[in-house]
Amino acid sequence: MDIFEGSSEQGLTRRIAGFAAFKSERLPVLHEFCTSLGFEQPHEVLNTPGKFLAQLDSGFRSAVISEANRVWFITRIGYYIGEYLATRYDGYWQVDEDPASPTFTRYVVGGFSFDGVTTPMVDPMEMAQVYADTPAPRSLVQEIDKVLVK
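The sequence shown begins at 1 in the numbering used here and counts up one residue at a time.
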């Protein structure tokens with residue numbers, strides 16, 4: 001089964017109802033993630049996630065992502081990617097409510113007001129899934145750049 005919610009009106013209603021909980025859980029989870037990785041000043045991931053990109057990129061470049069840890073890893077990297085994109089490109093988390101969109105019902109980051117952004121919204125969890133599925137050596141920096149800016 002895919003880790004994403006079904007794309008239906010009922011799924012959209014559930015996702016909208018759960019959006020506040022999603023938004024409130026992502027920052028404590030990211031803080032705990034950075035703490036568990038031993039990063040100095042892990043609380044800064046909440047306001048300046050770009051400060052942690054190089055460490056995450058090098059730290060997971062050759063990591064083996066087991067099936068048992070896959071969803072855990074994708075969730076945390078997805079939260080990170082979303083926060084990074086929102087701060088770097090001046091965007092925000094939202095629910096994709098467009099039934100014609102490939103990310104319909106998903107929590108996405110969009111509303112970018114930064115020059116150079118080539119897409120109106122991205123799904124950080126899908127980006128994290130692609131990153132996790134990429135054989136080592138993988139690059140978080142390249143994964144982010146190839147999806148959002150040219």
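All C-beta atoms in this analysis are idealised placements derived from N, C-alpha and C, irrespective of residue type, glycine included.
Can you give the beta carbon distance from Asp90 to Ser113, rounded, assuming they're within the 8 Å contact cut? The sequence position of residue 90 within the sequence shown is 90, counting from 1. The sequence position of residue 113 within the sequence shown is 113, counting from 1. Right, their Cβ atoms sit about 5 Å apart.
Cα-Cα, which of Glu83, Pro120, Ile77, Glu97 is closest to Met127? Locating residue 127 in the sequence shown gives position 127, counting from the first residue. Per the Cα distances, Ile77.
In three-state terms, what does DSSP make of Tyr89? The count along the sequence shown starts at 1 and reaches residue 89 at position 89. In this structure, Tyr89 counts as coil in the three-state DSSP scheme.
Residue interval of the beta strand (DSSP E) (run including Gly110): Here residue 110 corresponds to residue number 110 of the sequence shown, with the count starting at 1. Where Gly110 is concerned, the enclosing beta strand (DSSP E) stretches over 107-110.
Neighbourhood of Leu27 by C-beta distance below 6 Å, restricted to the same chain and skipping five residues each side: Residue numbering aside, residue 27 sits at position 27 when the sequence shown is read from its first letter. Residues of the same chain with a CB within less than 6 Å of the CB of Leu27, apart from the 5 flanking positions on each side, are Leu46 in chain order.
Taking Pro124 as the reference, give the member of Leu56, Glu83, Glu9, Ser8 with the closest Cα. Here residue 124 corresponds to residue number 124 of the sequence shown, with the count starting at 1. Residue nearest to Pro124 within the set Leu56, Glu83, Glu9, Ser8 is Glu83 (criterion: CA-CA distance).
Please classify Gln41: is it buried, with 16 or more other beta-carbons within 10 angstroms of its beta-carbon, or exposed? Here the question's residue 41 lines up with position 41 in the sequence shown. Per the 10 Å Cβ criterion, exposed.
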